Amino acid sequence: MNIDRRTFLSGVCGATAISVVAPKLGSDVVLAAPLSVNLAADPLRPQFHLLPPANWMNDPNAPIFWKGKYHMFYQYNPDGAYWGNMHWGHAISPDMVHWRHLPVAFSPTPGGPDADGCFTGTAVVQEGKVVVLYTAVQSVPRAQATIKEGIRNLRETQCLAVSDDLELKTWTKLPKPVIARPPEGMQVSGFRDPSPWRIGDWWYMVLGAGIEGQGGAILLYKSKDMRSWEYMHVLARRNDEGMQDLSPFNPWDVWECPDFFPLGEKYVLIFSTLRKSFWQSGTLDERSMTFHPERSGILDYGSYYAPKTQLDKSGNRILWGWIEEDRPLEEYKAAGWAGLMSLPRVLTLDADGRLRSRMAGDVDQLRVRKQALDVLAGEEGVRRQIEGLRVGQCRGEILFTARRTSEPFEFTLFSPADSESPCLTLGYDPRFPAQVSIDDRPVPIALSDDEKIEAHLYIDGSVIETLVNGQAAWTKRFYYHGPARDMCLAWSGKMSSLASLTVWQLAAISAGP
Ligand code: FRU
Numbered sequence: 010m011n012i013d014r015r016t017f018l019s020g021v022c023g024a025t026a027i028s029v030v031a032p033k034l035g036s037d038v039v040l041a042a043p044l045s046v047n048l049a050a051d052p053l054r055p056q057f058h059l060l061p062p063a064n065w066m067n068d069p070n071a072p073i074f075w076k077g078k079y080h081m082f083y084q085y086n087p088d089g090a091y092w093g094n095m096h097w098g099h100a101i102s103p104d105m106v107h108w109r110h111l112p113v114a115f116s117p118t119p120g121g122p123d124a125d126g127c128f129t130g131t132a133v134v135q136e137g138k139v140v141v142l143y144t145a146v147q148s149v150p151r152a153q154a155t156i157k158e159g160i161r162n163l164r165e166t167q168c169l170a171v172s173d174d175l176e177l178k179t180w181t182k183l184p185k186p187v188i189a190r191p192p193e194g195m196q197v198s199g200f201r202d203p204s205p206w207r208i209g210d211w212w213y214m215v216l217g218a219g220i221e222g223q224g225g226a227i228l229l230y231k232s233k234d235m236r237s238w239e240y241m242h243v244l245a246r247r248n249d250e251g252m253q254d255l256s257p258f259n260p261w262d263v264w265e266c267p268d269f270f271p272l273g274e275k276y277v278l279i280f281s282t283l284r285k286s287f288w289q290s291g292t293l294d295e296r297s298m299t300f301h302p303e304r305s306g307i308l309d310y311g312s313y314y315a316p317k318t319q320l321d322k323s324g325n326r327i328l329w330g331w332i333e334e335d336r337p338l339e340e341y342k343a344a345g346w347a348g349l350m351s352l353p354r355v356l357t358l359d360a361d362g363r364l365r366s367r368m369a370g371d372v373d374q375l376r377v378r379k380q381a382l383d384v385l386a387g388e389e390g391v392r393r394q395i396e397g398l399r400v401g402q403c404r405g406e407i408l409f410t411a412r413r414t415s416e417p418f419e420f421t422l423f424s425p426a427d428s429e430s431p432c433l434t435l436g437y438d439p440r441f442p443a444q445v446s447i448d449d450r451p452v453p454i455a456l457s458d459d460e461k462i463e464a465h466l467y468i469d470g471s472v473i474e475t476l477v478n479g480q481a482a483w484t485k486r487f488y489y490h491g492p493a494r495d496m497c498l499a500w501s502g503k504m505s506s507l508a509s510l511t512v513w514q515l516a517a518i519s520a521g522p
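Pasting the structure below:
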């Protein structure tokens with residue numbers, strides 16, 4: 010169904026939202042009129058990515074496939090389009106693409122360990138119920154704090170909540186944390202974002218931390234019942250062999266949002282720090298529970314942070330990430346919304362243990378109109394066809410493959426309203442065969458001699474997600490004034506290097522703002 014998100018509104022999020030309605034796409038809810046009108050008219054607001062009905066979101070939390078539906082929770086501020094007062098927003102989907110907003114799942118409990126915020130967490134199924142472990146924060150005197158930032162002194166503890174309802178709308182929180190303090194003797198600069206998984210009779214859990222004087226680290230815990238946890242050891246740390254170059258040295262840096270999971274024959278660790286998200290793949294010695302990383306890299310070179318994975322209904326490992334704003338706070342505050350969820354990416358490992366990602370096939374169902382290039386039409390013919398291609402209203406998908414010859418090429422996406430400053434460029438120069446350049450910044454790729462460059466772009470309002478050969482990802486934000494734009498394409502270099510080029514117009518996923 011191709012109903013524009015701007016044409017009607019959906020969703021309730023937050024204690025402050027006004028709940029009514031059951032519009033055409035399901036039991037969604039409308040917002041207060043002035044805000045909904047502004048959001049509906051905002052051409053920068055993405056149309057086929059998941060984002061809250063209004064206000065701020067950051068990390069994906071606890072994505073899970075449960076009773077035939079996908080659930081996505083996310084860090085959410087019901088008070089406005091800025092970080093603070095962390096709640097968990099909630100949306101449900103049959104296919105990881107079309108979403109319906111549900112009421113806020115978690116709010117801070119006055120007087121409880123999460124009185125000042127419900128931070129990031131993970132969902133698992135235990136004995137037929139969905140159990141969430143999340144980080145609770147509470148203001149405390151400085152001596153008890155695990156986050157000491159200027160005037161903000163917060164204690165992070167790990168808390169548990171259970172739900173067994175069909176739509177995961179009702180949750181029972183344990184009144185006390187399941188992990189109340191960092192390991193004995195460890196001074197931390199952060200202690201958060203639990204991520205449990207199971208091996209045999211045991212639950213294990215990774216937790217993000219910064220260790221005083223050492224920097225980012227991932228702590229490992231174990232438990233028989235998810236309620237009583239025993240600290241084991243540091244699973245990974247910044248100072249490990251080969252890891253130092255992952256982030257510039259900062260003894261107080263915290264490795265946030267860890268996720269640790271088997272993939273193929275290996276284990277993969279992901280974590281975020283200093284505004285980037287990283288992966289390591291290697292082996293897990295299940296007797297000693299030690300991780301031996303062999304390969305590492307960056308998950309996305311752009312505005313992409315705090316990713317989290319889940320298994321889809323076919324057992325694929327799906328990666329979700331928070332697409333951040335890249336404009337000043339005052340601008341997004343005024344816009345009334347900030348942040349969105351990336352599209353689902355399927356993770357695999359190649360034969361050398363390198364992490365690969367491609368868009369989940371479910372996203373293809375958004376394609377509504379296809380324009381394919383006849384690459385055999387000759388230099389001039391191909392050039393003319395490219396000039397005629399359009400991504401209407403900044404909402405489409407582009408896929409091209411290009412031969413690597415002795416000639417450089419550059420693909421450009423631009424709006425005729427502003428052809429001086431292109432929206433995105435992606436180029437290849439044979440002098441540097443192990444990289445492409447996106448917006449003139451080098452991005453490493455490793456291709457065999459006869460392999461073509463394959464670039465896949467998803468353009469939506471003010472975001473472009475670009476994947477190159479499944480090896481490199483670059484999520485870009487772009488902003489402009491005025492009405493929604495059509496995007497044009499240009500190719501510099503020999504047309505004969507273009508092996509294929511297809512543009513699809515994509516449908517909006519919901520009828521809301
Ligand atoms: C990552 C993060 C997490 C934390 C959450 C708070 O973006 O800092 O470590 O749990 O955001 O919103």
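In this note's numbering, the protein residues as written are 10 to 522.
Glycine included, every Cβ here is placed at the ideal spot set by N, Cα and C.
Please read these numbers as outputs of a predicted model, since none were measured by experiment.
Starting from residue 359, follow its DSSP beta bridges and name the residues at the other end.
In DSSP, residue 359 forms no bridge with anything.
Could you give the residue range of the beta strand (DSSP E) that holds residue 422?
418–423
Does the separation of the CB atoms of residue 302 and residue 311 fall below 7 Å?
no
So, with DSSP's three-state summary, where would you put residue 230?
strand
N- and C-terminal bounds of the beta strand (DSSP E) containing residue 156:
156–158
Just checking: is the beta-carbon of residue 505 within a distance shorter than 7 Å of some beta-carbon in chain C?
Although the question refers to chain C, the structure presented lacks it and comprises just one protein chain.
Quick check: what's the CA-CA separation for residue 194 versus residue 221?
11 Å
Should residue 426 and residue 506 be called a contact, given that it needs their Cβ atoms to be closer than 7 Å?
no
Which term fits residue 512, buried or exposed, when burial requires 16 or more other beta carbons within 10 angstroms of its beta carbon?
buried
Would you call the stretch 229–239 and the stretch 172–187 touching, i.e. three or more CB-CB distances under 8 Å?
yes
Take the Cβ of residue 488 as the centre, count every other Cβ of all protein chains shown within 10 Å, and call the residue buried at 16 or more, exposed below.
exposed
Looking at residue 81 and the ligand FRU, is the gap between the Cβ and the nearest heavy atom below 6 Å?
no
Thinking just about the alpha-carbon of each residue, which of 87, 149 and 138 is nearest to the one in residue 171?
138
Taking a cut-off of 6 Å, which residues have a beta-carbon closer than that to any heavy atom of the ligand FRU, in chain order?
67, 68, 84, 95, 128, 129, 144, 201, 202, 265, 266, 314 and 315
C-alpha distance - residue 433 paired with residue 483, whole-angstrom precision:
11 Å
Output the distance between the C-alpha atoms of residue 67 and residue 328, rounded to the nearest integer angstrom.
15 Å
Assign residue 436 to one of three DSSP states: helix, strand, or coil.
strand
So if DSSP puts residue 319 in a beta bridge, which residue, or which two residues, is it bridged to?
327
Provide the residue(s) that pair with residue 457 in DSSP beta bridges, ordered along the chain.
As far as DSSP is concerned, residue 457 takes part in no beta bridge.
What are the start and end residues of the beta strand (DSSP E) that includes residue 139?
138–148
Touching or not, the stretch 101–109 and the stretch 129–145, by the rule of three or more beta carbon pairs under 8 Å?
By the criterion of at least three beta-carbon pairs nearer than 8 Å, the stretch 101–109 is not in contact with the stretch 129–145.
Alpha carbon to alpha carbon, how far is residue 407 from residue 455? Give it in angstroms, no decimals.
22 Å
Take residue 361 and list the residues in its own chain whose beta-carbon comes closer than 8 Å to its own, dropping the five residues that flank it on each side.
304
So, with DSSP's three-state summary, where would you put residue 387?
Helix, per DSSP.
Helix, strand or coil for residue 167 per DSSP?
Residue 167: strand per DSSP, three-state reduction.
If you count every other CB in all the chains shown that lies within 10 Å of the CB of residue 61, and 16 or more means buried, which is it?
buried
Does the structure place the stretch 315–325 close enough to the stretch 260–279 that three or more beta carbon pairs sit under 8 Å?
yes
Span separating the alpha-carbon of residue 33 from that of residue 445:
Any reading at residue 33 needs caution, since the residue's pLDDT is 27, under 50, leaving its predicted position unreliable; the model's value is listed next. Cα-Cα distance, rounded: 44 Å.
Separation of residue 343 from residue 43, as counted between CA atoms:
13 Å
With 16 other Cβ atoms within 10 Å as the buried cut-off, status of residue 494:
That one is buried.
Which two residues bound the contiguous beta strand (DSSP E) that contains residue 185?
Careful: residue 185 lies outside any beta strand (DSSP E) and carries neither H nor E.
Pairwise C-alpha distance: residue 173 and residue 133:
12 Å
Taking only runs that begin and end inside the stretch 31–96, name each unbroken alpha helix (DSSP H) of 4 or more residues, in chain order.
As far as the stretch 31–96 is concerned, its whole alpha helix (DSSP H) runs of at least 4 residues are 42–50.
Report the three-state DSSP secondary structure of residue 344 (helix, strand or coil).
helix
Could you check what DSSP says for residue 237 in three-state terms: helix, strand or coil?
coil
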